[in-house]
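Enquirer: The structure's right below; bear with me while I get my questions together.
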DNA sequence: AATGAATGAGCATTCATTCAT
DNA sequence: TATGAATGAATGCTCATTCAT
């Protein structure tokens, strides 16, 4: 946020870019990639259609500029959790809370991200697909680090850390989807809290089992 | 005119219909609804473009013929699990196994289903949206029944059955997504088995806790 | 109607042909040439789509089979009027009455005919266009004969008989169109009667003028 | 921003619009609504197919833009005739002359108008149909006013004014059709003059009859 | 004779992208 | 920079016509 050095050449351009991104996010998340039109995005941003192409060279690039931003935020969160001091459970707890807040703060981003993943490979250019897969790999790796620590600390059962992290990720994403589909019938915060309490329960049980039993 | 039992009116037409469905499944699951074209589907099936419209009156109808089939299969599984005799854990175990087999057997169907859920509902006609929501409701209801039984039997923690079933569904769907995205880096069978072992663990622990501990 | 000699080879075929014509008339007159479909005509006739092509080799030919029939009936009427004994006014009077009855009897035919004329040249194959123009020429010629007689008899003003017949034809067709467009707001019988009374009035005035003054 | 009187916002756009209308008129009047294609119209105008949709949102809208223009011109003529000072015969005479000139000036418009009337109304959207019927009603009403005056002045026989105006309209339209079908065999100007002379004749005869005779 | 499944040319319309101003 | 008019490839769908049975 704080920009000390590396000042951009043109603050006006930056502003416009933000306005476009805002508009694009709104339209893409509401309609999905295919049904969103460049015209509508430009209109929403209050600019002419042609101007969009001064900032991004294609619809696809604009789309991925948003996706990239979302991914970076999420990845940063997971990596920050991994590098924090404290027990694995503490890390997971902090991460769960932060992720939930991120989701609620940027619901449109979540929808966008989800839709994009469903489009999958064939829809987009190889360069973007690669970038995407790279991001997923990094996220899983960071998460796996935490899970490994948890297994070592005995707060998660001694299963393959990679699969455990896949399950964790799956659980979070699965609940996210239900919340995105119909937030009135599934409250993500409550779901996440329930999930966290399971984790703690598993941790306590596991410890008791390993120390006393 | 005289129709012996189970004889279809026109076996050739039925065959063709199957061929078209096969082709449509392939194309839709690979490209999603919007990027799939009727031409490509027809070509894939080895017929002319217009012929498709002899069997289905629109792209949407063809699409939902597939979706419907998938849904019915899945729903049948969950409802059958719910109506089986035995403990809740046994039901869940059986269901998990069957679902996994279903997924492996019809991977393209899964992809199709997932992509469909990422589409904005406004994409489709109200009649289909309604049908869709009805299916989801029924599935959740059946699952909730099993989960309620599990809570009563003490094999799941005494939490809200609805949220528990959402979590379960989320977990399964979350893992499904990872498997769909890259089956080489996540084996769904192994993931499901791991999840089932957690369930069993929870069940045993819970029982022990409630009886003695 | 009465067919004594010249029996057709196949009475069943004749019957079918009539059924098809009936259906075609209904559909064409209701929807016009372009919006009518061969499928609907066949369905209306209670036969399969392909069968139509056993009787007519194209949509166009079927259409003109109907047009031709209408034209022949009309032409016959005019020619019969021309060859009757009696004064020109009597001929016109008889003809007017018969035409009106024909119109009321075959309203669908009229609609069809009108629509066809509006489609005009470019729509149809040269052979049919030629046939059409030939029919119009013959009709006008017959009418012109009667009008010439009327002028000679002094019951129509001494103007160019060709233009007089064009006017007469125009008047009849113009009223026909209004009746076809909305029969509830224009009663063709009443219009024709009014027109006939004008003719008689002109005739009497003309005679009085020429004889007495 | 500051717009001097009568200045259009965009003269270039207006020009293009005219070019398109010109082309559309040519194609529609030659082929009718159904057989005319947007591609051909665009080609005729020397633009790309998609550009048409910048100016009109559909084929139908473009079509009715032309129809509307024609109707307004005709209606204006009739209403102006009705509100002129002078006798009914003078009004009819002036109107007849103006209409003839209008027809000769915009022959394509006439063809267009005629073809349109032969289309089934169901072809078009309700809004346009309504607009259309409203126009017809207003035209008939204005004409009826003049005819009523003529009857009162004794220059037309004492018949129902509504039917008289229908006959007049029918006569004009009937002659118009013949002229449109083949201008070389029927000169509309001559036909109209002949019709006018009949009117005058009727008027004089009527007056003589009513005054003394 | 009769059929109905198959075909593919044809059309209205959309929309990402370009480019002259 | 900014624009919006222009473009044309792409697509869902229709329907006259054919043809194997």
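Protein chains in written order, with our numbering: chain S, 24 to 236; chain G, 24 to 236; chain U, 24 to 236; chain L, 24 to 236. No residue lacks a Cβ here, since even glycine has one placed at the ideal position from N, Cα and C. Quick caveat: nothing in here was measured; it's all calculated off a predicted structure.
Could you spell out the range, first to last residue, of the alpha helix (DSSP H) harbouring residue 42 (chain U)?
Expert: Locating residue 42 (chain U) in the third chain gives position 19, where the first residue counts as 1. Residues 34-58.
Enquirer: Between the alpha carbons of residue 39 (chain U) and residue 143 (chain L), how many angstroms are there, rounded?
Expert: For the purposes of this step, residue 39 (chain U) is taken as the residue at position 16 of the third chain. For the purposes of this step, residue 143 (chain L) is taken as the residue at position 120 of the fourth chain. Each residue's Cα considered, the two are about 28 Å apart.
Enquirer: At 9 Å on the CB atoms, spell out the chain S contacts of residue 58 (chain G), in chain order.
Expert: Numbered from its first residue, the second chain carries residue 58 (chain G) at position 35. Within 9 Å Cβ-Cβ: 57, 142, 145, 146.
Enquirer: Would you say residue 235 (chain L) reaches chain U, if we count a Cβ-Cβ gap shorter than 9 Å as a contact?
Expert: Stepping through the fourth chain from its first residue, residue 235 (chain L) is reached at position 212. Its pLDDT being 48, under 50, residue 235 (chain L) is placed unreliably in this model, and the value from its coordinates should be taken loosely. Closer than 9 Å: no.
Enquirer: If you run the structure through DSSP and keep just helix, strand and coil, what is residue 82 (chain S)?
Expert: Here residue 82 (chain S) refers to the residue found at position 59 when the first chain is read from its first residue. Here residue 82 (chain S) sits in helix by DSSP.
Enquirer: Does the separation of the CB atoms of residue 167 (chain S) and residue 184 (chain S) fall below 9 Å?
Expert: The sequence position of residue 167 (chain S) within the first chain is 144, counting from 1. The sequence position of residue 184 (chain S) within the first chain is 161, counting from 1. Yes.
Enquirer: What number of angstroms, rounded off, separates the C-alpha of residue 107 (chain U) from the C-alpha of residue 153 (chain U)?
Expert: For the purposes of this step, residue 107 (chain U) is identified with residue 84 of the third chain, where counting begins at 1. For the purposes of this step, residue 153 (chain U) is identified with residue 130 of the third chain, where counting begins at 1. One C-alpha to the other measures close to 29 Å.
Enquirer: Can you name the start and end residues of the alpha helix (DSSP H) that residue 184 (chain G) belongs to?
Expert: As a position in the second chain, residue 184 (chain G) is number 161, starting the count at 1. Start and end: 184-204.
Enquirer: Could you tell me the distance, in whole angstroms, from the CA atom of residue 73 (chain G) to the CA atom of residue 45 (chain G)?
Expert: Translated into the one-based positions of the second chain, residue 73 (chain G) becomes position 50. Translated into the one-based positions of the second chain, residue 45 (chain G) becomes position 22. Cα-Cα distance, rounded: 17 Å.
Enquirer: Chain L beta carbons: is any one of them nearer than 9 Å to that of residue 126 (chain U)?
Expert: By 1-based counting over the third chain, the position of residue 126 (chain U) is 103. No, its Cβ sits nowhere closer than 9 Å to a Cβ of chain L.
Enquirer: Which residues bound the alpha helix (DSSP H) around residue 176 (chain L)?
Expert: Working through the fourth chain from its first residue, we reach residue 176 (chain L) at position 153. Taken as a continuous stretch (DSSP letters only), the alpha helix (DSSP H) holding residue 176 (chain L) covers 149-176.
Enquirer: How would you write the range of the alpha helix (DSSP H) that residue 140 (chain S) sits in, first residue to last?
Expert: The residue labelled residue 140 (chain S) in the question sits at position 117 within the first chain. Looking at the DSSP string, the run of the alpha helix (DSSP H) that includes residue 140 (chain S) is 130-142.
Enquirer: Using the Cα positions of residue 157 (chain L) and residue 118 (chain L), report the straight-line distance between them to the nearest angstrom.
Expert: On the fourth chain, position 134 is the one that residue 157 (chain L) refers to. On the fourth chain, position 95 is the one that residue 118 (chain L) refers to. Their backbone Cα atoms lie some 21 Å apart in a straight line.
Enquirer: Any beta carbon from chain U within less than 9 Å of residue 198 (chain L)'s own beta carbon?
Expert: The residue given as residue 198 (chain L) occupies position 175 in the fourth chain. Output row for residue 198 (chain L): interface = yes.
Enquirer: To the nearest whole angstrom, what separates the beta carbons of residue 125 (chain S) and residue 96 (chain S), a pair I think is in contact under 8 Å?
Expert: Translated into the one-based positions of the first chain, residue 125 (chain S) becomes position 102. Translated into the one-based positions of the first chain, residue 96 (chain S) becomes position 73. Sure, about 7 Å apart at Cβ, within 8 Å.
Enquirer: Leaving out the 5 sequence neighbours to the left and right, which residues in its chain are closer than 7 Å to residue 79 (chain G) when beta-carbon positions are compared?
Expert: One-based indexing of the second chain puts residue 79 (chain G) at position 56. So the qualifying residues of the chain are 85, 88.
Enquirer: Could you have a look at residue 221 (chain S) and say whether DSSP puts it in helix, strand or coil?
Expert: Residue mapping note: residue 221 (chain S) aligns to position 198 of the first chain, counting from 1. Helix.
Enquirer: Along the chain, where does the alpha helix (DSSP H) that runs through residue 66 (chain U) open and close?
Expert: Here residue 66 (chain U) corresponds to residue number 43 of the third chain, with the count starting at 1. Here the alpha helix (DSSP H) through residue 66 (chain U) covers 61-68.
Enquirer: Closest Cβ-Cβ distance between residue 180 (chain U) and chain L: below 9 Å?
Expert: Walking along the third chain from the start, residue 180 (chain U) turns up at place 157. So, interface residue.
Enquirer: Put residue 213 (chain L) into one of helix, strand or coil per three-state DSSP.
Expert: Against the fourth chain, residue 213 (chain L) aligns to sequence position 190. Note: residue 213 (chain L) maps to helix in three-state DSSP.
Enquirer: Could you confirm whether any beta carbon from chain L is found closer than 9 Å to the beta carbon of residue 137 (chain U)?
Expert: Stepping through the third chain from its first residue, residue 137 (chain U) is reached at position 114. With 9 Å as the cut-off, residue 137 (chain U) counts as an interface residue toward chain L.
Enquirer: Between residue 134 (chain G) and the rest of its own chain, which residues show a CB-CB distance below 7 Å, the 5 nearest in sequence each way excluded?
Expert: The sequence position of residue 134 (chain G) within the second chain is 111, counting from 1. 52, 203.
Enquirer: Can you tell me the Cα-Cα spacing of residue 27 (chain S) and residue 155 (chain S), whole angstroms?
Expert: Here residue 27 (chain S) refers to the residue found at position 4 when the first chain is read from its first residue. Here residue 155 (chain S) refers to the residue found at position 132 when the first chain is read from its first residue. Low confidence applies here, because residue 27 (chain S) scores a pLDDT of 47, under 50, leaving its location unreliable and the question unanswered by this model.
Enquirer: If you compare alpha carbons, which of G:116, G:94, G:215, G:60 is closest to residue 173 (chain G)?
Expert: What you label residue 173 (chain G) is simply residue 150 of the second chain in a count that begins at 1. Nearest C-alpha to residue 173 (chain G): G:116.
Enquirer: Going by DSSP in three states, residue 106 (chain S) sits in which element: helix, strand or coil?
Expert: Taking the first residue of the first chain as position 1, residue 106 (chain S) is located at position 83. Looking at residue 106 (chain S) - three-state DSSP - the assignment turns out to be helix.
Enquirer: Going by alpha carbons, who is nearest to residue 189 (chain U) out of L:205, L:177, L:179, L:178?
Expert: Numbered from 1 along the third chain, position 166 holds the residue referred to as residue 189 (chain U). Selected option, being the one with the closest Cα: L:205.
Enquirer: Does chain G have any CB closer than 9 Å to the CB of residue 67 (chain S)?
Expert: What you label residue 67 (chain S) is simply residue 44 of the first chain in a count that begins at 1. No, because no Cβ of chain G sits closer than 9 Å to the Cβ of residue 67 (chain S).
Enquirer: Whole angstroms are fine: how far does the CA of residue 68 (chain S) sit from the CA of residue 35 (chain S)?
Expert: Position 12 of the first chain, counted from the start, is the residue given in the question as residue 35 (chain S). Position 45 of the first chain, counted from the start, is the residue given in the question as residue 68 (chain S). Cα to Cα, the separation comes out at about 14 Å.
Enquirer: Going straight from the alpha carbon of residue 210 (chain G) to that of residue 175 (chain S), what length do you get?
Expert: Residue mapping note: residue 210 (chain G) aligns to position 187 of the second chain, counting from 1. Residue mapping note: residue 175 (chain S) aligns to position 152 of the first chain, counting from 1. When rounded, the distance between both Cα atoms is 24 Å.
Enquirer: Can you tell me whether residue 77 (chain G) is buried or exposed? The criterion is at least 16 other CB atoms within 10 Å of its CB, across all chains shown.
Expert: On the second chain, residue 77 (chain G) is found 54 positions in, with the first residue counted as 1. Exposed: under 16 other Cβ atoms inside 10 Å.
Enquirer: Can you tell me the Cα-Cα spacing of residue 99 (chain L) and residue 66 (chain U), whole angstroms?
Expert: In the fourth chain, the residue the question calls residue 99 (chain L) occupies position 76. In the third chain, the residue the question calls residue 66 (chain U) occupies position 43. Cα-Cα distance, rounded: 47 Å.
Enquirer: Given that a residue counts as buried once 16 or more other Cβ atoms are within 10 Å of its Cβ, and exposed if not, what is residue 201 (chain S)?
Expert: Position 178 of the first chain, counted from the start, is the residue given in the question as residue 201 (chain S). Burial call: buried.
Enquirer: In chain G, which residues lie less than 7 Å from residue 209 (chain S) when you measure between Cβ atoms?
Expert: As a working note, residue 209 (chain S) is residue 186 in the first chain. The contacting residues are 189.
Enquirer: For residue 163 (chain U), which of U:223, U:94, U:81 has the nearest alpha-carbon?
Expert: Here the question's residue 163 (chain U) lines up with position 140 in the third chain. Answer by Cα proximity: U:94.
Enquirer: Under the assumption that residue 217 (chain U) contacts residue 182 (chain L) (Cβ atoms under 8 Å), give the Cβ distance between them as a whole number of angstroms.
Expert: Stepping through the third chain from its first residue, residue 217 (chain U) is reached at position 194. Stepping through the fourth chain from its first residue, residue 182 (chain L) is reached at position 159. With a Cβ gap of about 6 Å, residue 217 (chain U) and residue 182 (chain L) count as contacting.
Enquirer: Indicate whether residue 111 (chain U) and residue 170 (chain U) have their beta-carbon atoms separated by less than 9 Å.
Expert: Stepping through the third chain from its first residue, residue 111 (chain U) is reached at position 88. Stepping through the third chain from its first residue, residue 170 (chain U) is reached at position 147. Yes, these two residues count as a Cβ contact at 9 Å.
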